[in-house]
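Student: My questions all concern the structure below.
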Amino acid sequence: MTFYEEIAAVRAAFEKDAASGLTTEQLHSRYLGREGRVRELFTKLKTLPAEQKGDAGKKLNDLKSELEGLTARREAAKPSTDAAVDLSLPGRAPELGRRHPIYKTWDEISRVFLKLGFDTVYGPEIETEEHNFEALNIPLDHPARDGFDTFYIEPPYLVRSHTSPVQIRTMKQRKPPIRVIAPGKVFRPDKPDAGHSPMFHQIEGLIVGPGITFAHLKGVLDLFAKSMWGEKTSIRFRPSYFPFTEPSAEVDVSCFICGAKGCPVCKQSGWVEILGSGMVHPKVLAGCGIDPEANTGFAFGMGVERITMLKYGIPDIRRFYENHFAFLRQF
Amino acid sequence: MKVPISWLKEYVDPPASPAELAKLLVMAGVGVESVEGDVLDLEITANRADLLSMLGVARETGVNLRKRVRVPEVAVAEGGDNITGVYQVEVAAKELCPRYTARALTGVKVGPSPAWMVQRLEAAGIRSINNVVDITNYVLLESGQPLHAFDARLLRGRKIVVRRANPDEKITAIDGKEYKLTRDNLVIADAERAVAIAGVMGGKDSEITNATVDVVIESAQFDPVSVRRTGRRLALSSDSSYRFERGVDYDTVDWASRRAVQLILQLAGGKALAGVLDVSVPRPVRPVAKVRPARIAQVLGMSVSPARVREILAGLGAQVAGGDTELEVTSPVGRRDLRIEVDYIEEVARIEGYDRIPCDTSFGLRVAIDNPEDLVREAVRTALAGMGAYECLTWSFAEAGTPNRVSFWTDGAPIPLRDPQGTIDRTLRESLAPRLLEVLEINERYKEPLRPVFEIAHLYRREGKAYGEKNVLAIAAPGDPLGVKGLAENILDTLGIEMELRPAPLGFLEAGTAAEVLLNGAVAGYLGQAGAALSGLRSPAGVAEIDFDLIVKAAKLTKPYKDFNRQPPVDRDLAVVLADAATWKQVEDAVRAVAPPTLESVRFLNEYKGKGIEPGHKSWAFAMTFRAPDRTLTGPEVEGAVTSILESLKGRLQARLR
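Chains as they are written, first to last, in our numbering: chain A, 574 to 904; chain B, 44 to 701.
Right under this line is the structure:
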């Protein structure tokens with residue numbers, strides 16, 4: 574018998590044995606085991622003349638793969654009672670980590686504005702009075718500063734009390750048209766309670782260019798609200814006061830908890846206050862070297878914590894900074 | 044600002060119900076904190092000092108409803124001597140007091156106010172004192188102009204001097220407390236002493252009592268900044284100072300003074316002295332703005348007809364002249380916030396209603412440019428969360444005096460944070476590791492199984508005379524520092540960055556576990572096992588901080604594809620016995636030094652110590668994969684390589700095959 578005939582014989586014997594009712598284990602040990610017939614052929618292969626070895630070896634390897642495949646398939650198809658798996662046992666998988674809910678919301682908001690063509694820009698958290706106040710038309714010793722209590726390091730250095738200084742930095746660096754958002758940490762000397770924290774996060778938005786109107790501001794924020802909270806969401810603009818915008822507006826969205834029917838979250842009003850906005854004040858534009866006659870623009874800012882609390886129904890802002898695994902695990 | 048609607052009705056016809064008035068005001072930009080019965084509690088923004096008065100609220104209501112406002116007629120019957128012969132007013136600090144007026148009455152009968160006035164004041168949140176004091180408060184609420192009434196007989200020298208306080212001058216205010224003043228504080232004094240803290244609070248010594256017969260009414264305009272600073276320094280705020288800080292109107296000063304005299308004569312009798320003592324700068328010219336209806340459309344994206352613009356601005360009390368393309372608008376009395384064109388554009392938008400402005404999405408298509416920082420942060424977060432780590436959010440500061448840093452990023456003095464009261468309770472953090480270890484400690488206390496945690500955030504440090512900050516990726520993980528190392532290696536590997544650890548003596552880490560992290564050869568952070576001073580955990584924890592900006596710079600988000608090898612691999616596992624001191628790097632080097640190019644990888648498997656291994660030694664198992672790019676490797680080829688590898692290990696590290 575040539576070596577090739579032996580290979581064919583082993584394959585035929587395997588098929589016969591497989592049909593005869595041998596178990597898969599028996600088949601495996603008879604053909605593929607340490608003293609199995611395939612192994613025998615490998616030993617024999619070494620004795621062949623060198624010029625034959627190559628091709629013979631390849632054929633033998635093919636046989637081995639084929640038989641391995643056949644036994645594996647047979648094993649897999651085997652209807653066996655003792656191998657049944659209790660599928661009510663917990664599944665096996667590496668445990669996933671979690672992303673912090675504040676950053677999840679941050680990403681979610683940023684994604685919406687990315688789709689609308691806003692670049693993301695960042696600014697430092699240690700700022701100067703000039704950027705945090707003066708350039709934003711908030712003069713020293715003005716009651717307008719009451720709304721912006723601030724942690725000072727030493728004048729003129731402070732930790733920013735809002736993300737609006739990034740507007741100033743951006744307008745000084747870029748020329749219109751400008752379309753950016755600026756997410757980041759901000760600081761206020763508030764006593765921590767369920768609704769206040771000395772550190773929190775804001776996302777600021779800014780568009781400046783020729784022909785930008787309040788109607789565009791409404792258009793952008795309407796798209797944002799619908800993207801965040803669904804097609805049916807509507808927005809409402811109320812006049813307000815921010816020294817760096819005019820006209821200024823507070824923006825409410827129709828309550829996404831109750832569908833604007835009235836609930837404790839919206840205090841039965843059907844509206845939830847979500848952000849502040851307005852047309853960039855001409856003094857602010859001019860201060861950044863942008864001609865306020867040729868250009869107009871709008872800015873808006875929102876609190877990431879507040880939106881996250883509303884989104885998940887988190888009752889206390891302090892939960893975000895405690896980092897209890899029992900809290901983080903839920904996101 | 045509490046507004047009883049029954050009182051407001053005196054000046055304007057309000058809508059049928061308090062709820063309707065509240066809604067109207069809210070949509071005009073006046074916050075309504077509460078509606079209780081007949082009383083609206085308004086939240087007035089800093090720009091709208093005019094709304095700190097009933098007449099201001101009436102005007103706002105009127106312009107929105109297109110209704111007329113009724114301003115009380117003021118007519119005073121002056122019956123007594125001329126005031127100039129009786130009292131004297133001297134303004135020494137003109138820069139802090141542009142206008143000071145005094146009127147006087149004699150023979151006044153101080154007593155309780157009539158019920159209607161008591162009710163109105165109490166509904167507005169002010170307690171009734173006596174008729175004269177009540178009238179000053181009533182006029183303050185009506186007009187927004189604070190007034191002060193002195194018992195004229197207690198004014199020594201019948202003289203009023205408006206001056207800066209003398210150094211260390213003291214005054215007992217009507218709240219019964221004594222205040223120490225400085226040169227920065229403005230006072231109202233008589234010939235001898237301070238009798239009021241100007242614009243903030245009157246003095247106890249000259250207050251109106253039931254014994255008062257002669258009354259001097261002060262109505263003035265004080266510098267807003269001075270009043271604000273004085274109030275802040277003395278931690279003293281009053282209805283008067285609140286309004287002075289926001290600015291009162293030059294013309295209202297005199298109106299309010301006459302209104303008060305009129306009411307005193309009506310309700311407390313007596314005679315008004317003729318004339319007024321008025322020490323004032325010339326009446327300032329009211330600002331005039333050019334308002335272009337075309338510009339209104341440019342800003343709002345909605346056009347409003349010139350006629351309607353005129354109607355709105357006139358309704359606010361402004362004088363409007365000029366043609367339809369450019370209106371000339373003179374600022375209304377009491378509206379210090381209306382000076383330039385855009386101020387009026389806001390008024391037009393407000394009164395027309397923001398809801399009438401359309402939503403316009405034609406702001407142009409633009410493709411946002413991805414910020415590399417965002418892309419890398421996303422990749423790092425995804426990878427770390429995928430490997431089981433929890434992302435944390437910790438404070439950027441700590442209570443002053445608590446550990447806020449490790450001695451790696453800076454050795455400068457801690458950076459204090461001062462709150463508006465000047466208290467320093469916190470310092471900015473100078474590293475992230477202490478807070479992350481604290482997260483593990485808290486969760487250990489709550490019996491949570493510990494797991495890796497991470498945060499990407501700023502740390503802060505002094506940089507010369509200024510301050511700097513650094514964006515840092517911090518990771519902490521229970522167990523030895525190899526856990527943290529593995530996480531860091533994995534994420535850096537996905538970003539195509541090679542990480543190298545260089546042992547370094549870092550005092551805050553356990554000795555023998557500390558290393559600097561090098562990215563592309565430059566020091567970018569540290570890694571090791573947290574030392575006892577840093578970690579309060581019951582078991583060891585690894586910790587690392589890496590400069591995130593350097594990661595962003597070095598990251599290769601797109602790496603070129605290399606085709607993979609399709610030849611079958613040959614695996615060989617070896618277990619060798621080594622001296623304890625031998626390091627994995629030495630083993631790997633010994634292997635690679637002699638291995639053929641077909642050695643694809645060497646991987647540490649495990650360590651064994653104990654039975655069969657002599658003391659001071661360890662058995663290390665490792666796996667090797669051999670593969671040639673172009674053919675199937677033969678057994679003898681691989682065996683030959685393994686033999687030389689064992690030789691090399693023996694020669695370099697006295698290792699023996701186990």
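Ideal Cβ placement from N, Cα and C applies to all residues, glycine included.
1) Mapping the DSSP letters down to three states, classify H704/A as helix, strand or coil.
2) With 16 as the cutoff for other CB atoms within 10 Å, does T88/B come out buried or exposed?
3) Touch check for the segment 757 to 771 of chain A and the segment 687 to 706 of chain A: three-plus C-beta pairs under 8 Å?
4) With a CB to CB cut of under 7 Å and the five nearest residues on each side skipped, what residues in its chain are close to V322/B?
5) Bridge partners for P47/B per DSSP, in chain order?
6) Using a 10 Å radius around the Cβ and a threshold of 16 neighbouring Cβ atoms, would you call H897/A buried or exposed?
7) Confirm the yes/no value for this check: CB of C402/B, any heavy atom of the ligand ADP, distance under 6 Å.
8) Based on Cα-Cα distance, which residue from P47/B, F665/B, F647/B lies nearest to A65/B?
9) At 3 residues or longer, what runs of the beta strand (DSSP E) sit wholly inside the segment 106 to 162 of chain B?
10) Measuring only the C-alpha atoms, how far is P401/B from K688/A?
11) Is it the case that the segment 123 to 131 of chain B contacts the segment 395 to 412 of chain B, given that we only count it when at least three CB pairs across the two stretches are under 8 Å?
12) Within the same chain, show all residues whose beta-carbon is closer than 7 Å to that of N174/B, passing over the 5 residues directly before and after it, in chain order.
13) What residues from the segment 867 to 879 of chain A come within 9 Å of chain D, judged by C-beta to C-beta, listed N to C?
14) Could you tell me whether the Cβ of E491/B comes closer than 7 Å to any Cβ of chain A?
15) Return the residue from the list E703/A, A833/A, R902/A, W679/A that minimises the CA-CA distance to T693/A.
16) For I726/A and chain B, any beta-carbon pair shorter than 7 Å?
17) Could you give the DSSP three-state label for I178/B: helix, strand or coil?
18) Please state whether the Cβ-Cβ distance between T818/A and A872/A is less than 7 Å.
19) Sorted by chain position, which residues of the same chain lie with C-beta nearer than 6 Å to A363/B's C-beta, five sequence neighbours on each side aside?
20) For the segment 679 to 693 of chain A, which residues have a CB atom closer than 9 Å to at least one CB atom of chain B, in sequence order?
21) Could you give the residue range of the alpha helix (DSSP H) that holds G659/B?
22) Give the single residue among R276/B, I172/B, G74/B, A62/B whose Cα lies nearest to the Cα of D81/B.
23) Compute the beta-carbon to beta-carbon distance between L561/B and R545/B, rounded to the nearest angstrom, for a pair I have assumed lies under 8 Å.
24) Could you have a look at V694/A and say whether DSSP puts it in helix, strand or coil?
25) Would you mind giving the Cβ-Cβ distance between H715/A and I890/A, rounded to the nearest angstrom? I have them listed as a contact below 8 Å.
26) For the alpha helix (DSSP H) that contains S300/B, what are its first and last residues?
27) Using 8 Å as the threshold, is the segment 529 to 546 of chain B in touch with the segment 734 to 741 of chain A, meaning 3 or more CB pairs across them?
28) Excluding sequence positions up to five away, which residues of its chain have a Cβ less than 6 Å from the Cβ of A625/B?
29) Please state whether the Cβ-Cβ distance between V112/B and V55/B is less than 7 Å.
30) Below 8 Å, can you find three or more Cβ-Cβ pairs linking the segment 799 to 813 of chain A to the segment 69 to 78 of chain B?
31) My understanding is that S186/B touches A299/B, with C-beta atoms under 8 Å, so please give their C-beta distance in whole angstroms.
32) Taking C-beta pairs closer than 9 Å, name the residues in chain A that S439/B reaches, listed in chain order.
33) In three-state DSSP terms, what is D194/B?
34) Which residues of chain B have a Cβ atom closer than 7 Å to the Cβ of L605/A, listed in chain order?
35) According to DSSP, which residues form a beta bridge with I394/B?
36) The beta strand (DSSP E) with G683/B in it runs from where to where?
Tutor: Answer, in terms of the structure:
1) In the first sequence, counting from the first residue as 1, residue 704/A sits at position 131. In this structure, DSSP gives H704/A a helical state, which the three-state scheme calls helix.
2) Counting from one through the second sequence, the residue named residue 88/B turns up at place 45. T88/B counts as buried, since at least 16 other C-beta atoms from the protein chains shown sit within 10 angstroms of its C-beta.
3) yes
4) Your numbering for residue 322/B matches position 279 in the second sequence. Hits under 7 Å: V132, V134, Y143.
5) Residue mapping note: residue 47/B aligns to position 4 of the second sequence, counting from 1. Answer by DSSP bridge pairing, in chain order: V82/B.
6) Against the first sequence, residue 897/A aligns to sequence position 324. When all chains shown are included, H897/A counts as exposed.
7) Although the ligand ADP was asked about, the structure shown includes no ligands whatsoever.
8) Counted from its first residue, the second sequence places residue 65/B at position 22. Per the Cα distances, P47/B.
9) 121 to 125, 131 to 134, 142 to 149
10) Working through the second sequence from its first residue, we reach residue 401/B at position 358. Working through the first sequence from its first residue, we reach residue 688/A at position 115. Going from the Cα of P401/B to the Cα of K688/A covers about 22 Å.
11) no
12) For the purposes of this step, residue 174/B is taken as residue 131 along the second sequence, with counting starting at 1. Closer than 7 Å at Cβ, skipping near neighbours: V153, G154, P155, S156, L310, A311.
13) Given the protein chain composition of this structure (A and B), no chain D is represented.
14) As a position in the second sequence, residue 491/B is number 448, starting the count at 1. It does: the Cβ of E491/B has a partner Cβ on chain A nearer than 7 Å.
15) By one-based count along the first sequence, residue 693/A stands at place 120. The shortest Cα separation from T693/A among E703/A, A833/A, R902/A, W679/A belongs to W679/A.
16) If you number the first sequence from 1, residue 726/A lands on position 153. Taking Cβ atoms only, chain B reaches closer than 7 Å to I726/A, which makes this a yes.
17) For the purposes of this step, residue 178/B is identified with residue 135 of the second sequence, where counting begins at 1. DSSP places I178/B in helix when its eight states are reduced to three.
18) Here residue 818/A refers to the residue found at position 245 of the first sequence. Here residue 872/A refers to the residue found at position 299 of the first sequence. It is a contact, given that the beta carbons lie within the stated cut-off.
19) In the second sequence, the residue the question calls residue 363/B occupies position 320. Reading off the sequence, residue 363/B comes out as Val, not Ala. Result list for V363/B: R353, L356, A357, L370, V372, in chain order.
20) Result list: D680, S683, F686, L687, K688, L689, G690, F691, D692, T693.
21) Within the second sequence, the letter at position 616 stands for residue 659/B. Segment: none, G659/B is in no alpha helix (DSSP H) and carries neither H nor E.
22) What you label residue 81/B is simply residue 38 of the second sequence in a count that begins at 1. When only C-alpha atoms are compared, the closest one is A62/B.
23) One-based indexing of the second sequence puts residue 561/B at position 518. One-based indexing of the second sequence puts residue 545/B at position 502. Between R545/B and L561/B the Cβ distance is about 6 Å, and since that is below 8 Å, they are a contact.
24) Your numbering for residue 694/A matches position 121 in the first sequence. It is coil, neither helix nor strand.
25) Position 142 of the first sequence holds residue 715/A. Position 317 of the first sequence holds residue 890/A. Going by Cβ atoms, the distance from H715/A to I890/A rounds to 28 Å, so no, they are not a contact pair.
26) Here residue 300/B corresponds to residue number 257 of the second sequence, with the count starting at 1. First-last of the alpha helix (DSSP H) with S300/B: 293 to 311.
27) no
28) Mapped onto the second sequence, residue 625/B falls at position 582. Result list for A625/B: L696, in chain order.
29) Here residue 112/B refers to the residue found at position 69 of the second sequence. Here residue 55/B refers to the residue found at position 12 of the second sequence. Cβ atoms of V112/B and V55/B: closer than 7 Å.
30) yes
31) Taking the second sequence and counting its residues from 1, one reaches residue 186/B at position 143. Taking the second sequence and counting its residues from 1, one reaches residue 299/B at position 256. With a beta-carbon spacing of about 5 Å, S186/B and A299/B fall inside the 8 Å limit used to define contacts.
32) Taking the first residue of the second sequence as position 1, residue 439/B is located at position 396. Going along chain A in sequence order, the residues near S439/B (Cβ under 9 Å) are E698, V732, K758, F760, M772.
33) The residue labelled residue 194/B in the question sits at position 151 within the second sequence. It is a strand residue.
34) By one-based count along the first sequence, residue 605/A stands at place 32. Ordered by position in chain B, no residue passes the 7 Å Cβ test against L605/A, which lies about 17 Å from the chain.
35) Sequence index remark: in the second sequence, residue 394/B carries index 351 (1-based). The partner list for I394/B (beta bridge, DSSP) is empty, contrary to what the question assumes.
36) Mapped onto the second sequence, residue 683/B falls at position 640. Here G683/B belongs to no beta strand (DSSP E); instead the alpha helix (DSSP H) covers 678 to 696.
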